[in-house]
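Please read the structure below before turning to the comments.
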Amino acid sequence: MTSIPNNLTDEQIPKELAQALAGLYSGAARLPARVGGRTAGLAALRAYNPKDYAARNHLLAPISRLSMYLRHGMLSPREVADHIRARARGTDREEGLRQLAWREFFWLVLKQKGRAVLENLEEPKYRADWSAELPGDIRDAKTGLPCADDWITHLKEDGYMHNHERMWFAAYLIHWRRVHWKAGYDFFREHLLDGDLASNALSWQWVASTFSGKPYIMNQANIEKYSAGKWCEGCTADCPFMGSYEQLQEKLFGWRA
Ligand SMILES: Cc1cc2nc3c(=O)[nH]c(=O)nc-3n(C[C@H](O)[C@H](O)[C@H](O)COP(=O)(O)OP(=O)(O)OC[C@H]3O[C@@H](n4cnc5c(N)ncnc54)[C@H](O)[C@@H]3O)c2cc1C
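Numbering-wise (this note's numbering), the sequence shown opens with residue 261 and increments by one.
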């Protein structure tokens with residue numbers, strides 16, 4: 261591999277890295293939206309106040325944004341758990357530790373099943389006719405739905421998506437657009453700074469119902485509630501998420517729960 265000088269300025273780094281890593285990435289070479297490394301990870305951990313974390317499903321609630329440091333081993337799960345125990349109380353503490361436990365669970369499943377996590381672990385719980393390719397309008401954030409286009413833009417520009425946006429986007433891609441979860445997994449791996457094998461593949465499979473008892477879906481009211489109406493107020497798009505859960509299940513899967 262080409263060696264990279266260690267005295268480069270921030271402006272020079274993308275160009276040098278782009279040359280050294282040519283063929284291993286797609287799109288324009290640029291510095292990530294957030295600074296990596298152990299020092300930045302420790303600073304982010306110290307600055308993180310988990311008060312009100314229990315409301316994490318709301319896009320405006322405080323979340324840690326520590327996933328990329330955990331993903332790249334710059335912080336350990338134990339350090340984050342210790343921080344939560346020291347700084348959070350009650351349901352904030354419980355929820356913080358519960359989410360960290362999901363991460364550990366996914367890694368244990370990966371350890372047990374290996375690369376089989378990249379194939380359907382179970383049969384989907386509805387007659388699924390998924391195409392393999394990621395549609396171009398999704399890749400380009402031009403679906404015509406302000407919410408979905410914003411989720412995709414967050415992914416591509418920040419290398420990050422809020423957990424609820426990830427769930428909404430995954431459901432939209434798999435159940436509304438009928439695209440195989442693997443295409444979404446690959447798209448996330450391409451752009452997420454925290455993109456990994458375990459949490460990524462198994463969360464996609466959880467939404468798809470190949471690692472859960474039923475497919476995850478949301479409706480417009482759910483999106484509006486957890487985003488404080490950010491996209492829904494004044495939206496003129498022909499919203500595919502409109503309706504009750506029963507109506508959407510019937511439309512998407514041909515059954516009611
Ligand atoms: C379709 C889909 C794909 C995902 N892909 C990834 C991925 O590639 N890498 C990844 O780290 N997470 C993934 N997640 C889980 C979750 O969305 C992110 O861990 C979380 O959004 C990171 O933000 P945060 O650091 O602010 O999390 P916080 O809410 O502050 O939680 C703290 C830490 O706990 C862990 N965590 C939190 N929620 C979850 C969860 N639901 N599942 C597993 N671990 C969790 C993360 O390590 C996170 O950094 C995915 C979720 C979905 C629905």
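All C-beta atoms in this analysis are idealised placements derived from N, C-alpha and C, irrespective of residue type, glycine included.
- Distance from the CA atom of ARG353 to the CA atom of ALA361, rounded to whole angstroms, is 12 Å.
- Secondary structure remark: continuous alpha helix (DSSP H) runs of at least 4 residues inside the stretch 279-340, in chain order: 298-307, 327-331.
- By the Cβ neighbour-count rule, ALA392 is exposed, with fewer than 16 other Cβ atoms within 10 Å of its own.
- Separation of ARG331 and PRO292 (C-alpha to C-alpha, rounded to the nearest whole angstrom) is 15 Å.
- Here TRP515 is exposed. Its C-beta has fewer than 16 other C-beta atoms within 10 Å.
- By DSSP's assignment, VAL439 forms a beta bridge with SER391.
- Fewer than three Cβ pairs drawn from the stretch 442-450 and the stretch 338-347 lie within less than 8 Å of each other, which leaves the two stretches out of contact.
- In the structure shown, GLN509 falls within a helical segment according to DSSP collapsed to helix, strand and coil.
- In this structure, ARG358 and PRO310 do not form a Cβ contact; the two beta carbons are roughly 12 Å apart against a cut-off of 8 Å.
- Contact between the stretch 369-378 and the stretch 456-464 is present, with at least three C-beta pairs closer than 8 Å.
- Taking SER469 as the centre and dropping the five residues before and after it, the same chain places the C-beta of PRO384, LYS385, PRO475 closer than 6 Å to its C-beta, in chain order.
- The residue among ASN460, TRP436, TYR313, MET328 with its C-alpha nearest the C-alpha of TRP390 is TRP436.
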